[in-house]
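Encoded as structure tokens, the structure appears first; notes follow it.
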Amino acid sequence: MRYPLAAFAGTGAPLFGFCGWPGFFSRPSVEVSLLDQVHAATLDRLAKEWNVSFLTVNDQIGLVSPRVLAMIINEAHLAFDEGIATRDDIDIAMKLGTGYPFGPFEWCDKIGAARVVDLLQALATTQPNRYVIAQALLAKA
5 MRYPLAAFAG
15 TGAPLFGFCG
25 WPGFFSRPSV
35 EVSLLDQVHA
45 ATLDRLAKEW
55 NVSFLTVNDQ
65 IGLVSPRVLA
75 MIINEAHLAF
85 DEGIATRDDI
95 DIAMKLGTGY
105 PFGPFEWCDK
115 IGAARVVDLL
125 QALATTQPNR
135 YVIAQALLAK
145 A
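To convert, take the position in the sequence shown, counting from 1, and add 4; that gives my numbering.
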């Protein structure tokens, strides 16, 4: 989610935000944000109709999981840029150390580097020094 839902306020319609990145809909719960808590009942109704579980998070750029994953992917590319380890070694270390189903480079390949860079650039508009994008990641995008 490149923009918070608040950027689209004013319609009165129920607005929900979610991340449509590959791999994010195969999880037990789908992370969503609500523009207005008034629409929580609508979200509950949709969850029942679609037989899906929603996890509601704050309305912010990137939500929570995509934002964290984008930062992990970026950090992995920074480590690679610095010659700390190979891509395979970083992927293996993250899978073994965290229990993640994919390493950061595998996630990046699955999601697409352009999507990750797009989110990091959107986040950089809020805190430029915090979201410096790795050259290896920019090159892939």
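Note that beta-carbon positions come from the ideal geometry of N, C-alpha and C, so glycine has one too.
Everything numeric in this text was worked out from a predicted model, so none of it was measured.
Rounded to whole angstroms, Ala45 and Leu38 show a C-alpha spacing of 11 Å. In this structure, Ala10 sits near Asp63, with a CB-CB distance shorter than 8 Å. Taking C-beta separations shorter than 6 Å and ignoring five residues to either side along the sequence, the partners of Ser33 in its chain run Ser57 and Leu59, following chain order. Inter-segment contact for the region 64-78 and the region 86-95 is absent: fewer than three beta-carbon pairs are separated by less than 8 Å.
In this chain, Ser33 is not harboured by any alpha helix (DSSP H); it is covered by the beta strand (DSSP E) spanning Ser33 to Leu38. The region 75-89 makes no contact with the region 17-32: fewer than 3 CB pairs, one atom from each, lie closer than 8 Å. For Ser57, the uninterrupted beta strand (DSSP E) run begins and ends at Ser57 to Val61, by DSSP. The DSSP-derived three-state label of Gly21 is strand. Just measuring C-alpha positions, the residue of Gln139, Ala13, Pro26 and Phe20 sitting nearest Asp48 is Phe20. Shown here, Gly116 sits in coil according to DSSP, grouped into three states, outside any helix or strand. Of the residues assessed, Ile77 falls on the buried side of the cut-off, its CB having 16 or more other CB atoms within 10 angstroms. A residue is called buried when at least 16 other Cβ atoms come within 10 angstroms of its Cβ; Leu100 does not meet this threshold and is exposed.
In the structure shown, the three-state DSSP call for Pro70 is helix.
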